[in-house]
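In what follows, a single structure is set out as C-alpha cells and then discussed.
Protein chains: 4
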Amino acid sequence: MDMDLVIKNGTIVTASDTYKSDIGVKNGKIAGIWKGFEGEKVIDAKGMFVFPGGVDVHTHLDMPFMGTSSSDDFATGTIAAAFGGTTSLVDFAIQQHGDSLSQTLADWKKKAEGKASIDYGFHIAVTDVNDSIIKEMGTMVEEGVTSFKLFLAYKGSLMVDDAAIFRILERSREIGALVMVHAENGHLIDILTKQLLSEGKSAPLYHAEAHPVIAEKEAVERAIALAEAASAPLYIVHTSCDDALKGIKQAREKGLPVYAETCPQYLFLDDEKYKEPNFGGAKYVMSPPIRAKRNQNALWKGIKTGDFQVISTDHCPFFMKGQKDMGKDDWSKIPNGCPGIETRIPLMYSEGVVKGRMSINKFVEICSANPAKLLGLYPMKGTIAPGSDADLVIFDPEKKVTLSYKNLHQNVDYTPYEGMVVKGYPVKVVVNGELKVDDGKFVGKRGTGKFIKRNRFEG
Amino acid sequence: MDMDLVIKNGTIVTASDTYKSDIGVKNGKIAGIWKGFEGEKVIDAKGMFVFPGGVDVHTHLDMPFMGTSSSDDFATGTIAAAFGGTTSLVDFAIQQHGDSLSQTLADWKKKAEGKASIDYGFHIAVTDVNDSIIKEMGTMVEEGVTSFKLFLAYKGSLMVDDAAIFRILERSREIGALVMVHAENGHLIDILTKQLLSEGKSAPLYHAEAHPVIAEKEAVERAIALAEAASAPLYIVHTSCDDALKGIKQAREKGLPVYAETCPQYLFLDDEKYKEPNFGGAKYVMSPPIRAKRNQNALWKGIKTGDFQVISTDHCPFFMKGQKDMGKDDWSKIPNGCPGIETRIPLMYSEGVVKGRMSINKFVEICSANPAKLLGLYPMKGTIAPGSDADLVIFDPEKKVTLSYKNLHQNVDYTPYEGMVVKGYPVKVVVNGELKVDDGKFVGKRGTGKFIKRNRFEG
Amino acid sequence: MDMDLVIKNGTIVTASDTYKSDIGVKNGKIAGIWKGFEGEKVIDAKGMFVFPGGVDVHTHLDMPFMGTSSSDDFATGTIAAAFGGTTSLVDFAIQQHGDSLSQTLADWKKKAEGKASIDYGFHIAVTDVNDSIIKEMGTMVEEGVTSFKLFLAYKGSLMVDDAAIFRILERSREIGALVMVHAENGHLIDILTKQLLSEGKSAPLYHAEAHPVIAEKEAVERAIALAEAASAPLYIVHTSCDDALKGIKQAREKGLPVYAETCPQYLFLDDEKYKEPNFGGAKYVMSPPIRAKRNQNALWKGIKTGDFQVISTDHCPFFMKGQKDMGKDDWSKIPNGCPGIETRIPLMYSEGVVKGRMSINKFVEICSANPAKLLGLYPMKGTIAPGSDADLVIFDPEKKVTLSYKNLHQNVDYTPYEGMVVKGYPVKVVVNGELKVDDGKFVGKRGTGKFIKRNRFEG
Amino acid sequence: MDMDLVIKNGTIVTASDTYKSDIGVKNGKIAGIWKGFEGEKVIDAKGMFVFPGGVDVHTHLDMPFMGTSSSDDFATGTIAAAFGGTTSLVDFAIQQHGDSLSQTLADWKKKAEGKASIDYGFHIAVTDVNDSIIKEMGTMVEEGVTSFKLFLAYKGSLMVDDAAIFRILERSREIGALVMVHAENGHLIDILTKQLLSEGKSAPLYHAEAHPVIAEKEAVERAIALAEAASAPLYIVHTSCDDALKGIKQAREKGLPVYAETCPQYLFLDDEKYKEPNFGGAKYVMSPPIRAKRNQNALWKGIKTGDFQVISTDHCPFFMKGQKDMGKDDWSKIPNGCPGIETRIPLMYSEGVVKGRMSINKFVEICSANPAKLLGLYPMKGTIAPGSDADLVIFDPEKKVTLSYKNLHQNVDYTPYEGMVVKGYPVKVVVNGELKVDDGKFVGKRGTGKFIKRNRFEG
C-alpha cells in the first residue's frame, strides 16, 4: 500500500475506458489502481486527465541526410518529446550501403545511449539488400529490432527495387518482423524533378509538384501488392492523401494485414503553405509533401473508420538558417523534413477530441495504445494497467497554449504550427515512475532512457 | 483494503487490455485493481480469464407473439443468461395497438420485477404511431428507456410505414434516443408468403424462400436513408447476410452514425438446416432466416472491420412441442425465433478467439463493452474498472463443453447448436458483487435483478 | 433507283458510324444508302449531319394533373418536337382510379389521333392495382403497349405500395414488358411537405427542400431491389442526382437489367434557380427537383460510362400565368413540370458533342438509338439503315441559335433555357419520308402521326 | 449500279445495327447498301450474317523469342486469320537493344511485304529507351505507326523501368500515339521463378505459380498511375483475371482514358490445363498464364460492362515438338505463347452470341469496330458502310465445326481448343473486295496484303 508515487483524483483514460481512480506506482511500474493508496510522493490530478504516455514510432533524431543531420539529437529530441507528452519512441537506424545491420544498430545505439531521457527502440531502414543482409535480419529480431523500413522513393540513394522489397517482406514474415514502407514512386519523382529544374522551377513550391499524389498512391498499391504476394504484414508510414488512403482501405477490406499511420502535418497543413514568401515554403519541404486542403477531411475520416491506426510525427527537424537554406536556389537540395515530436499530443487532443472528431479513448488509442501494440512495445507501453511501465501524462484539458518555436523545446528555429492555439496540454509527465516534466520545467534526470527490446509482430 | 470479495490471480481482459492483477469488490462495485487486496471472500482465478459480464441487448423474454409467448420468462431467462456469462440484458417491450408507451413499460416491468436475477433495461418497440406517442417518447427517455424499435416487417401487425419511421427518427434525435430497426421489407414478404402457400408450399423450408436476402438488404438501405434524412443515429438489429452488411458498410464509410449487430445463429448456422426432416427445420424459423453458407464469412469479416459493433442473441425461444408445431401444416404459423441467451459467450469465444478470428479484447468489445456503450449502460456495465458494477465472468479457457439443450438452462426443448463442442466456458459468474453461478450450479439469490435507467445515446 | 426523296452529300451519323453517302427514301422508308440515287425530290445536305430522328420516350402531352392540364397537346407538342429534331415519342397514359387499362389507352389514343404530326406510342402508368388490372396488362402488350410506369411518389394520388410494384414487375417479366419508375419516396416527401408548410415555408424554393436527394436515392434502390426480387428488368426515369446514379451503377455492376435516363434539365440547371425572384422559381418546380450544381458533372459521367442509356425530356409544360401561379401562396399547389421537347436535341449536341463530352455517335445513341431499342421502337426508329422509317434530321453544326420561348414552338410562356446560345440546330426534318420542317417553317402535313405498336422488351 | 461484287440477301450486322439489304462493292470498297445493285460477281448470303471483317490488334507473327521464332509467319498467319474471319491485323515489331525504331519498322515490314494476304499495321514495342528513341517516336507516328508497346515483365530482356514508361507515355500524348502495356511485375516474376526452380519445381505447372494474379494486378495499377501522371491514354493488353480488371474498371470510373482487351484463352481455358500429363501443360505456357476458373465469369462481365473494349488473340504459336519442348526440363525455357488467330471469331460468336452473353452487335463491336477505332484503322476497317474497305465475312450461324489443329490453318501442331464444337462459322471471306476464302478453301491471291498507315489516336 505504500507506493513510490500516487497519482490522485485524476480521470484515467485508456483506449477503451474512462473512470476516476488513483494510480499507485512502485519501482517504475504501475502497481495498482485504487482510491486507497498512500505514497511517498503524491501528484494531485484533480480536474486532470491521466493518459498513458504518448508513443511516437516515427522519428529521425541525429540522422545524417542530404549532406547535414537532423537538428534534434537524442538528448534534445527526447526532452522535447517529454514536454509534449510522449514518453517513448522508435527511431529509424539507417543502413549505410555496405554496412551490416549489426553495425547500423550499433551506430544508432551509440547516438542514443546516455543521451535519451525517455525509452527508445529502433527500426532498421534497409537500403542495401543481399543474401547476408537477409540472413542478418533474424539476428536483429532477436535483439529486439522487430521492424524494417524500406524506401520506394529517393532513387539513387535509399530506394530499393521491387525484388528487394519482396525478399524483405518474405523474410520478415518468417521471423515475426513488420515491414514499414515510405511509399512514393522514386522513378517518377526523379524524372519530374529533372524536368522541373530544367525548366528553371527552383522554388520550394515545385517540391510539391515533383511529388504528386499519384506517385504516393501508386507506391502504396505496389507495396500492398508485394506484401500480399509475400503473405506478409505491412505498415505504411506518413500517409498524406486521400488516394493513398483509398488503397489502404481496399486492402483492409480484403482482410489483408495492412496498417497505416498519418501525421499531424497532413491533418493540419495544406499546400498553400508552399507559397509562403521569402523561401518560407521550405519549412514544409518534406516527403511526401503536404497536400491540397480537401485531403484533410479524408484523412480525419480514415482515423474515424480505423484505416489509420497510428498518428506519428516523422519528426525530422532542420534549421531554416544553415540547413533548409542549402536549397535556396534549388528546392531539390532542401533537406526534407519538419519538426513535430513535441506538438503531436496537444494538436491531436485539441483538434481531435475538443473539436468532436474523435472520442478521448480513440485519441489514446491512436497516440499511444495502437503504436505500442503494432510495434511490439505493449504492454510495457501504451496503457494504464497494473504491470505496465509508469509512463503517465497528467493533462490539463483547460490549459490553452499558443504554439511557438520560442516556447517549444525542439532544437530548431521554427514550428509549422507557429501561432496556433491549442486547448489542453500536458502539465506533468512521468517516465518510468519519475516525474520528468512539471509545469513547463524539466525536473527529472537526463539521459536515463533505455533501449527497448521490442516484441515480435503479432498482428 | 478489506474487500467484500477479491478475485485473485486471474488474467483481466477488457476491450483494450489484458493483464494479470487482482480485483477488489466492495458494495457490489469494483473498488480497485491491485495485487494487495484482502477480502472476506476470495475467488482464485488462477489460469482463468476474468471478463466483464456479457451484455445482451436483444432479448425477448415472456413475449406474446403469434398466439403464444416466448418460453423463457424473466426468471428462467436471466438464470440461463448468467450460466452463459451474460450479466445484464435489454429486452423489448412491445407496444400493443392503442396502448400508451407508459402502459407498455409498466406491463413489461411487471414481467421482470422480482423475477429477473440479473439487471435489465427495456427498449420500447413502437407499433402504433401518432402525435401523442411521439410526445410520450420524451417521457420514456427520462425514465431510462433510451431506445425505440421499429419493425419494417410483419405487415398487418407490427410493421410501421416510412412516414412513421421518419417521425420516430426525428423525435429520437431530439431527445437523445437511439432507433433500432428490424429491417425486412414486409410488403414483399407478405406477397411471397401468400404466393408460396397458394402453391401448397407449407414446409418450414419455404419460410426462408419467403424472406429473401433482397428483402433485408432493401429494408436496411431504406432505414439508413430515412435516418440520414432525419440526421438521426440508427441501429440495425440481427443482420443476417452479406448484402445487408454492404449497405451498413457504405453508410459507415459515408460517416453516418449507423450501428449494427449480428447474432450467433447467422454466424454458425446455414440454410441447409431448413431441410432437417420431421419438421426439424422449424427450429430455425426466425426472421430474418438463416442464410446460405457463404454469408458466414462475410459476417465474420464485418466483425473484423468493425462494421458490426455488437453480437446479441435475439433470444426468443419456443418449444418444438406445443409451440413451433402450431405451424405443422403451414410454416407461416410457426412462432418465429430461437434460443441463444446462454450460448452466446461460449460460442463467440470458442469460434472467435480460439479459432483466431478475433483477439480476446475484440471478443470483450463486441459481447460486452460495445453493447453497453451504445445502449447507455456504460460505465455501469461493459468493463472492468474501479467504479463499475462488479459483473464479472471467471472463464476457463480450457474447459470443453458439448452443447445440449439437456444441460443448458434455457426453458425450451432444443438448442440449434446441439452436439457442438466449445472450448472455453464461464465457470463462475458474479453479478453486482454476488457469486451467482459456481461450477454449473446457481448459488446466488434469485430475483435480485434491477431495472436499469439507461443513459441517453451519445454516439 | 428512282427514289421519292434523296438526301445528298450529307454526313450520315448512326450510333456507331459516321460516313458520307446519300440516302434514298421510298414509301416513307429508307431504301438504300449510295451515292448513285436519283429522286423526285432532293435535299442537299452538304456540310450537314444527317441524324436518325430523335426519339423522346418521356413526354406528358395533354395530361390532366394537379387540377389543370399540361399546356401542349398532341397537336402543338408534336410540332414543337419536330422543330427540335424529335420525330417520334412515347407518352404516358395515366390510369384513373377505377379505370381499366383499355379505357386508359382508349382515352389517350383519342387525345392523339388526327392531332399528332409525328408517330407516337404509349406507356400506361398504373395507379390502381388489382387482379383484373394485372391480368389486363397482357392485353395491353398485345396491343403494342409494352411498358408500364409506377409512381413511388405522389402519396395519396399516383403512388403505389411495394406490394403492387412487385406484382407489376413479376407480371411484366412474364409478358415481355418493361416497368418504368418515378423513384422518389412519397412518404418522406409528404411529411416534409406538411412540416415545411406548417412552418410557413410557402415559396417555390421549399419544393426542393421537400424533395431531398435522399428521397430519390432511397426509392431508386428500393425499386431496384424489388425488380431483382422479381427477376424483372427496370427502367428508372428522370434521374436527377449523383446518389441515385450510384444506386443504378451498382445494380448494373451486379449484372442486373437496370436501365436509366436523365433529362436536360438535370444536366443544365441547378437549384440556385429556385431563388429567382417574383415567383420565378416556379418555372423549375418539377419532381424530382433540379439539384445542387455538383450533380451535373456526375450525371455527365453517367452518360459517359453508359449507366444512363437515354436522354429524355419529361416534357410537361404549364404556363406561368394561369397555371404555375395556382401555387403563388403555396408551392405544393404549383403544377409540377417544365417544357423541353423542342430543346433536347440542340442542347445535347451543343453541350455534349461541341463541348467534347461525348462523340457524335454517342449523341445519336442516347437521343435516338437507345430509346428506340429499349422501348420497342427499333428498327423502325432509331437508326439510318435500309428498311427503317425515313425519320431524318438534317442538322447544321454551325448554326447558332439563342433559345427563347418566343421563338420556340412549345405552347408555354417560358423556357428554362431562355437566352442560352446553342451551336448546331436541325434545319430540315423528315418524318416518314415527308419534309415536315424546313428552315424554321412547318411545311408538312399536320396530324399524320400514327400510333406505334411497340415490340416487346428484349433487354 | 454496276458493281464489281454484290453480296445479296444477307443480314448485315454492324456495332449498332442489324438489317437486311445488299452490299455493292466497287474498287475494293463498299460503294453502297441497297437491294437494287447488280454486279459482275454475286455472292448469295441468304440465311447468312454479313459481318465487317475481324480486326486482330495483337499478333506475333515471325517473332524471334526465347531462342526461336513464332511458327506462323505473315504468309501462313494471315491465311489462317482469313479462314477465321479476320481480315486485318496489327502486329508487334520488337525493337532490338541498340536498334532505332526505323530499323525496327523496316525489319518488320520486310517480314510482311509480299507475304501477307490481309492488310496489316505495326505497333512498335520499345525496349531500349533514350533521348533519340523518344524523338524518333514522332517520325514513326508520321509513318503510320501510332501505338507503342511497353513490357513491365521479362526482366533482363524486354522490361523497361517506370521512368522509361513515364517518358514514353508523355511523348505519346504529345504526338497522338497510344501506349500499350504488357502488365506483369517482372521483378516479382523473376524472383519467384528463381525460387521455384531452386526448389526443383520444373514442370509447366509452375509457370502459373511464378506468374501470380497479384503480379498482373500490381502492374496494371502501376501502368494506370503512370499514365494518369502523364495525362496519357493507355491500353492494357491481354488482361487475364478479375483483379486486373478491377483496376481497369476503377480507372475508367474515374474518367481516365484507359482501354483494355482480353483474349479467348482467358475466357475459355483455366489453370487446370497446366496439369495435362506428358508435358501437355506446355501448350498453355503464356504470359500472363491462364487463371483459376472463377476469373472467366468476371471477364465476361467486363465485356458486358464495356470495361473491355476489344477481344484480341495474342496469337504467338510454337510447335510442341521442337519448340515448346525446349523447356522439357525447365518450364522457364518454354517459349511463351499459344495460337488463336483463326479461332477468335468462331469462339466469340459461339460462346458469346449463341450462349446469350452478348448481342450480335456487341460481338461485332469488340471483334471488329472497337479494335479498328482504338488503333486508328477506322473507318477503313471495322464497319460496313459506304466508303469503307470491302472486308466482309459471310457467316453461317448454323454451321457446326469441331475445332482441331488438323483442320485449322495455323502453322502449329496443336490448338488449345482441340475438340471443342462451335456453332456458327465464316463461310466466305472477302478482303478488299476479293473473295479469299470460299467454303473451306483459300481461293484468293496470296501476298496482296498492304501495310496500313494508321491514324493517330483519338480517344
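Residue numbers (my numbering), protein chains in the order written: chain H, 1 to 459; chain A, 1001 to 1459; chain S, 2001 to 2459; chain L, 3001 to 3459.
We treat Cβ as the ideally placed atom computed from N, Cα and C, and that holds for glycine.
Asp1243/A: buried (16+ other C-beta within 10 angstroms of its C-beta) or exposed? Residue mapping note: residue 1243/A aligns to position 243 of the second sequence, counting from 1. Asp1243/A counts as buried, since no fewer than 16 other beta carbons sit within 10 angstroms of its beta carbon.
What whole-angstrom Cβ distance do Ile3452/L and Ser3088/L have, given they're in contact under 8 Å? For this step, residue 3452/L is matched to residue 452 along the fourth sequence. For this step, residue 3088/L is matched to residue 88 along the fourth sequence. The Cβ separation is near 7 Å, so the contact holds.
Under 8 Å Cβ to Cβ from Asp1439/A, same chain only, skipping five residues before and after it: list those, please. Residue numbering aside, residue 1439/A sits at position 439 when the second sequence is read from its first letter. Taken in chain order, the residues that qualify are Val1427, Lys1428.
Kindly confirm or deny that the stretch 1058–1078 of chain A and the stretch 1375–1391 of chain A touch, where touching means at least three C-beta pairs closer than 8 Å. Contact fails: fewer than three Cβ-Cβ distances are below 8 Å.
Please list, in chain order, all residues of the same chain as Ile2303/S whose beta carbon is under 7 Å from its beta carbon, the five residues on each side excluded. Taking the third sequence and counting its residues from 1, one reaches residue 2303/S at position 303. Counting only Cβ-Cβ distances below 7 Å, and skipping sequence neighbours, we find Met2358, Ile2366.
Residues of chain L with CB closer than 9 Å to the CB of Pro2386/S, please, in chain order. Locating residue 2386/S in the third sequence gives position 386, where the first residue counts as 1. What Pro2386/S touches in chain L: Ile3012, Tyr3019, Lys3020, Ser3021, Asp3022, Ile3033, Trp3034, Lys3035.
Give me the DSSP bridge partner(s) of Lys3029/L. The count along the fourth sequence starts at 1 and reaches residue 3029/L at position 29. Within the DSSP secondary-structure output, Lys3029/L pairs in a beta bridge with Lys3026/L, Asp3389/L.
With 7 Å set as the bound, which would you pick, yes or no: does the beta-carbon of Gly433/H sit closer than that to a beta-carbon of chain A? For the purposes of this step, residue 433/H is identified with residue 433 of the first sequence, where counting begins at 1. Output row for Gly433/H: interface = no.
Unbroken alpha helix (DSSP H) run spanning Val1364/A, endpoints: The sequence position of residue 1364/A within the second sequence is 364, counting from 1. 1360–1364 is the extent of the alpha helix (DSSP H) around Val1364/A.
Interface residues of chain H around Ala3229/L at Cβ under 9 Å? For the purposes of this step, residue 3229/L is identified with residue 229 of the fourth sequence, where counting begins at 1. Residues of chain H with a Cβ closer than 9 Å to the Cβ of Ala3229/L are, in chain order, Asn185, Leu188, Leu192, Pro212, Ile214, Ala215, Glu218.
Whose Cβ in chain H lies nearer than 9 Å to the Cβ of Glu1253/A? Here the question's residue 1253/A lines up with position 253 in the second sequence. Neighbours of Glu1253/A in chain H, taken as residues whose beta carbon is under 9 Å from its own, are Lys249, Lys301, Thr305 in chain order.
Neighbour flag for Asp1243/A against chain S, beta carbons, 7 Å: Locating residue 1243/A in the second sequence gives position 243, where the first residue counts as 1. For Asp1243/A, the answer is no, since every Cβ of chain S falls outside 7 Å of its Cβ.
Output needed for Pro2386/S: all residues of its chain with C-beta closer than 6 Å, excluding positions within five of it in sequence on either side, in chain order. Position 386 of the third sequence holds residue 2386/S. For Pro2386/S, same chain residues with a beta-carbon under 6 Å away, outside a window of 5 residues either side, are Ile2030, Gly2032 in chain order.
Based on the DSSP output, what are the partners of Ala1229/A in its beta bridges? The count along the second sequence starts at 1 and reaches residue 1229/A at position 229. Beta-bridge analysis with DSSP links Ala1229/A to no other residue.
For the stretch 2221–2229 of chain S against the stretch 1213–1227 of chain A, do three or more pairs of beta-carbon atoms, one drawn from each stretch, fall closer than 8 Å, so that the two count as touching? Taking a contact to require three or more Cβ pairs closer than 8 Å, the stretch 2221–2229 of chain S and the stretch 1213–1227 of chain A qualify as touching.
Determine the burial state of Arg294/H: buried for a count of at least 16 other Cβ atoms within 10 Å of its Cβ, exposed for fewer. One-based indexing of the first sequence puts residue 294/H at position 294. Exposed, because fewer than 16 other Cβ atoms sit within 10 Å of the Cβ of Arg294/H.
Alpha-carbon spacing of Ile2191/S relative to Val1129/A, whole angstroms: Here the question's residue 2191/S lines up with position 191 in the third sequence. Here the question's residue 1129/A lines up with position 129 in the second sequence. If you take the alpha carbons of Ile2191/S and Val1129/A, they lie about 14 Å apart.
Per-residue contacts from Ala15/H into chain A (C-beta, under 7 Å): Counting from 1 along the first sequence, the entry for residue 15/H is found at position 15. For Ala15/H, the neighbours in chain A by C-beta distance under 7 Å run, in chain order, Ser1016.
Round the Cβ separation of Phe2049/S and Pro2397/S to the nearest angstrom and send it over; I've been treating them as touching at under 8 Å. Counting from one through the third sequence, the residue named residue 2049/S turns up at place 49. Counting from one through the third sequence, the residue named residue 2397/S turns up at place 397. Correct: roughly 6 Å between the Cβ atoms.
At the level of alpha carbons, what is the spacing between Ile3165/L and Lys3155/L? Mapped onto the fourth sequence, residue 3165/L falls at position 165. Mapped onto the fourth sequence, residue 3155/L falls at position 155. Rounded to the nearest angstrom, the two C-alpha atoms are 14 Å apart.
CB contact below 7 Å: Thr383/H versus chain A: Indexing the first sequence from 1 puts residue 383/H at position 383. Output row for Thr383/H: interface = yes.
Terminal residues of the alpha helix (DSSP H) in which Met137/H lies: In the first sequence, the residue the question calls residue 137/H occupies position 137. Going by DSSP, Met137/H is part of the alpha helix (DSSP H) stretching over 131–142.
Have a look at Gly2306/S, Tyr2274/S, Ile2290/S, Asp2329/S and flag the residue whose alpha-carbon is nearest the alpha-carbon of Gln2265/S. Counting from one through the third sequence, the residue named residue 2265/S turns up at place 265. Closest option to Gln2265/S, Cα to Cα, is Ile2290/S.
What's the gap between the Cα of Gly3047/L and the Cα of Lys3008/L? Position 47 of the fourth sequence, counted from the start, is the residue given in the question as residue 3047/L. Position 8 of the fourth sequence, counted from the start, is the residue given in the question as residue 3008/L. The alpha-carbon separation between Gly3047/L and Lys3008/L amounts to approximately 10 Å.
Counting C-beta neighbours from all protein chains within 10 Å, is the total for Gln1096/A 16 or more, i.e. buried, or is it exposed? For the purposes of this step, residue 1096/A is identified with residue 96 of the second sequence, where counting begins at 1. Exposed is the label assigned to Gln1096/A, since fewer than 16 other Cβ atoms lie within 10 Å of its Cβ.
Closer than 7 Å at the beta carbon, the chain S residues around Arg1222/A: On the second sequence, position 222 is the one that residue 1222/A refers to. Among the residues of chain S, those whose CB is under 7 Å from the CB of Arg1222/A are Glu2218, Arg2222, following chain order.
Can you pull the chain L residues whose beta carbon is under 7 Å from the beta carbon of Ala2369/S, in chain order? As a working note, residue 2369/S is residue 369 in the third sequence. Among the residues of chain L, those whose CB is under 7 Å from the CB of Ala2369/S are Ser3016, following chain order.
Are Glu1261/A and Val1220/A touching if we call contact CB-CB under 7 Å? What you label residue 1261/A is simply residue 261 of the second sequence in a count that begins at 1. What you label residue 1220/A is simply residue 220 of the second sequence in a count that begins at 1. The answer is no: Cβ separation not under 7 Å.
Amino acids of chain S, ordered along the chain, whose beta-carbon sits closer than 8 Å to that of Asp1161/A: Residue 1161/A sits at position 161 when you count from the first residue of the second sequence. In chain order, His2187 make up the part of chain S whose C-beta sits under 8 Å from the C-beta of Asp1161/A.
Taking the alpha-carbon positions, what's the Lys441/H to Leu374/H distance? Within the first sequence, numbered from 1, the residue matching residue 441/H stands at position 441. Within the first sequence, numbered from 1, the residue matching residue 374/H stands at position 374. Spanning the two alpha carbons is a distance of roughly 32 Å.
Select from Gly3053/L, Leu3061/L, Val3090/L the residue whose C-alpha is nearest the C-alpha of Ala3082/L. As a working mapping, residue 3082/L is identified with position 82 in the fourth sequence. Answer by Cα proximity: Gly3053/L.
Whether Gly3077/L touches Leu3061/L by CB criterion (7 Å): One-based indexing of the fourth sequence puts residue 3077/L at position 77. One-based indexing of the fourth sequence puts residue 3061/L at position 61. Yes; because the gap between Cβ atoms is below 7 Å, this pair is in contact.
Which residue or residues does DSSP assign as beta-bridge partners of Ser69/H? Taking the first sequence and counting its residues from 1, the one referred to as residue 69/H is at position 69. By DSSP's assignment, Ser69/H forms a beta bridge with Pro64/H.
Which residues in chain S sit within 8 Å of Phe1166/A, going by Cβ to Cβ distance? Taking the second sequence and counting its residues from 1, one reaches residue 1166/A at position 166. Among the residues of chain S, those whose CB is under 8 Å from the CB of Phe1166/A are His2187, Leu2188, Ile2191, following chain order.
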